[in-house]
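Numbering (mature numbering (1 follows the signal peptide of the UniProt record, and there is no 0)), first residue to last: -22 to -1, 1 to 369.
Just so it is clear, CB atoms sit at the ideal spot from N, CA and C, and this is done for glycine as well.
First comes the structure, then the notes that go with it.
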Ligand SMILES: *[C@@H]1O[C@H](CO)[C@@H](O)[C@H](O)[C@H]1NC(C)=O
């Protein structure tokens, strides 16, 4: 047999194995309807190349180590107390200045299966039962806390906490499947994202790899109690944040790495445009006092992720290999978890970049909340909160 023949033989066997997946070891074996979509990546040259060479985020303070698991959102109430955060076991916790206490919850079916686990990822299995509060925002006038729960939709709880009530769990008859983040304008309208109507958060890896484009940006009207779709056919829309004057909001779109601007007022009202091409995979975005936007990134783009994005068939082939999804994940994020946060002006200009490119202190930041000269950083992968002093 010639070397080419051997190679062809091996390739044939591999293709056969992948096609049948006899041992059900592939990352998509439980997803018979898995389909990978084209991801409309900008040319590689358009990705911003600036870096924080000093790795300033390595100077972050680690707070509340092992007291909280996987805090995603960081919110302070209208009196400046907090933070409040949603954690991996489904609770929303409140730091009263001394200690963490239970504040609210989104599932009415919590049981011992929601009890503490050794690591944030161990909670994934029961998230749909225990709940997973992601985006949190206080209504500054009423003190109500609005919650985007990945499984239970848009919810609200009063200033005293407790069991949250549901505000929306569908739009246009299509159930919310992965509610992710929200913001509230002065009139009480809520703008929020449903990352996908096909995949839930516990299957976020399959969602990332498929490039599924069923994500939506929605609006909840508190007077009519109706939810309408503002933007559709999005790939993993995530963070949402209003501009300081409520004339527009920005939202992140994951696999294509874009920050969009959606106009609410003026002649461009109800239209959106691309505000910035992002250097990595975005999560939440938060507006600071000056009206600039802090975008938190799960990771920076790398060539492997970029090529995967361009070729859907290659993605499906790789996912069918008997490789644990954890390895796919590590390749996708560039080998190891690291941290990147970027501040944008309302015109989409980069104002500041902060990184921990080694993930030595902080990693995979989910949200950056700026308060009194400090950045409060949560992460679904960290068992603590990172605090960076801007001064
Ligand atoms: C409630 O939780 C139990 C596990 O503790 C689960 O078996 C059951 O399906 C849940 N019920 C609902 C309605 O989610």
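- Item | Proximity winner among 236, 150, 289, 334, relative to residue 32 (alpha-carbon distances) | As a first step, residue 32 must be located in the chain shown, where it is residue number 54. Answer by Cα proximity: 334.
- Query: For residue 156 versus residue 184, is the C-beta distance shorter than 8 Å?
  - Reply: Locating residue 156 in the chain shown gives position 178, counting from the first residue. Locating residue 184 in the chain shown gives position 206, counting from the first residue. Not in contact: residue 156 and residue 184 (Cβ atoms no closer than 8 Å).
- Distance, Cα to Cα, residue 117 vs residue 3? Along the chain shown, one-based indexing puts residue 117 at 139. Along the chain shown, one-based indexing puts residue 3 at 25. Their backbone Cα atoms lie some 46 Å apart in a straight line.
- Message: Let's see if you can read the secondary structure: which residues bound the beta strand (DSSP E) around residue 128?
- Response: Taking the first residue of the chain shown as 1, we reach residue 128 at position 150. No beta strand (DSSP E) holds residue 128; DSSP gives it neither H nor E.
- Measuring from the CB of residue 89, is there a heavy atom of ligand 1 at a distance below 7 Å? Residue mapping note: residue 89 aligns to position 111 of the chain shown, counting from 1. Correct: residue 89 has its Cβ closer than 7 Å to ligand 1.
- Quick one, which of 325, 323, 336 has its alpha-carbon nearest residue 35's? Position 57 of the chain shown, counted from the first residue, corresponds to residue 35. The shortest C-alpha separation from residue 35 is found at 336.
- residue 162 CB to nearest heavy atom of ligand 3 below 7 Å: Judged by which ligands are present, ligand 3 is missing from the structure shown, whose ligands are ligand 1.
- Closer than 8 Å by C-beta to residue 368: which residues in its own chain qualify, once you throw out the five before and the five after it? Chain order, please. Taking the first residue of the chain shown as position 1, residue 368 is located at position 390. Closer than 8 Å at the Cβ level, and outside the excluded window around residue 368, lie 348, 351, 352, 353.
- Message: Going by DSSP, what residue range makes up the beta strand (DSSP E) through residue 276?
- Response: Within the chain shown, residue 276 is the residue found at index 298, counting from 1. Here the beta strand (DSSP E) through residue 276 covers 271 to 278.
- Classify residue 286 as buried or exposed, calling it buried when 16 or more other Cβ atoms lie within 10 Å of its own Cβ. For the purposes of this step, residue 286 is taken as residue 308 along the chain shown, with counting starting at 1. It counts as buried.
- Task: Report the residue ranges of all alpha helix (DSSP H) runs contained in full by the region 32 to 117; include only those spanning at least 4 residues, in chain order.
- Result: 105 to 108
- Task: Whole angstroms is fine: what's the gap from residue 201's alpha carbon to residue 145's?
- Result: As a first step, residue 201 is located in the chain shown; it is residue number 223 there, counting from the start. As a first step, residue 145 is located in the chain shown; it is residue number 167 there, counting from the start. Rounded to the nearest angstrom, the two C-alpha atoms are 12 Å apart.
- Message: Using CA atoms only, rank isn't needed, just tell me which of 256, 311, 86 is closest to residue 23.
- Response: Position 45 of the chain shown, counted from the first residue, corresponds to residue 23. It is 256.
- Query: For residue 352, which three-state DSSP category applies?
  - Reply: Position 374 of the chain shown, counted from the first residue, corresponds to residue 352. Three-state result, residue 352: strand.
- Query: Does the distance from the CB of residue 308 to the CB of residue 98 come in under 8 Å?
  - Reply: Locating residue 308 in the chain shown gives position 330, where the first residue counts as 1. Locating residue 98 in the chain shown gives position 120, where the first residue counts as 1. Result no, Cβ atoms of residue 308 and residue 98 do not sit closer than 8 Å.
- Task: Tell whether a beta-carbon distance below 8 Å holds between residue 266 and residue 272.
- Result: Position 288 of the chain shown holds residue 266. Position 294 of the chain shown holds residue 272. Yes; because the gap between Cβ atoms is below 8 Å, this pair is in contact.
- Query: Applying the criterion that 16 or more other CB atoms from any shown protein chain within 10 Å of the CB defines a buried residue, is residue 262 buried or exposed?
  - Reply: For the purposes of this step, residue 262 is identified with residue 284 of the chain shown, where counting begins at 1. Buried.
- Task: Kindly indicate which three-state DSSP category residue -10 falls into: helix, strand or coil?
- Result: As a working note, residue -10 is residue 13 in the chain shown. Here residue -10 sits in helix by DSSP.
- Query: Do residue 174 and residue 190 come within 8 Å of each other at the CB atom, strictly closer than that value?
  - Reply: As a first step, residue 190 is located in the chain shown; it is residue number 212 there, counting from the start. As a first step, residue 174 is located in the chain shown; it is residue number 196 there, counting from the start. Closer than 8 Å, so yes.
- Would residue 345 pass as a contact of residue 274 if the rule is Cβ separation under 8 Å? Within the chain shown, numbered from 1, the residue matching residue 345 stands at position 367. Within the chain shown, numbered from 1, the residue matching residue 274 stands at position 296. Taking 8 Å as the Cβ cut-off, residue 345 and residue 274 qualify as a contacting pair.
- Item | residue 79 classed as buried or exposed, judged by whether at least 16 other C-beta atoms fall within 10 angstroms | Within the chain shown, numbered from 1, the residue matching residue 79 stands at position 101. So residue 79 counts as exposed.
- Query: Which residue's Cα is closest to the Cα of residue 422: 241, 239, 235?
  - Reply: Nothing can be reported for residue 422, as the shown portion of the chain is limited to -22 through 369.
- Exposed or buried, what is residue 66 when buried is set at 16 or more other beta-carbons lying within 10 Å of its beta-carbon? On the chain shown, position 88 is the one that residue 66 refers to. Label assigned to residue 66: buried.
- Apply the 10 Å Cβ neighbour rule to residue 153 and answer buried if 16 or more other Cβ atoms are within range, or exposed otherwise. Within the chain shown, residue 153 is the residue found at index 175, counting from 1. Looking at its Cβ environment, which holds fewer than 16 other Cβ atoms inside 10 Å, residue 153 is exposed.
- Message: On the DSSP letters alone, give me the boundaries of the alpha helix (DSSP H) that residue 282 sits inside.
- Response: For the purposes of this step, residue 282 is taken as residue 304 along the chain shown, with counting starting at 1. Segment 281 to 288, the alpha helix (DSSP H) holding residue 282.
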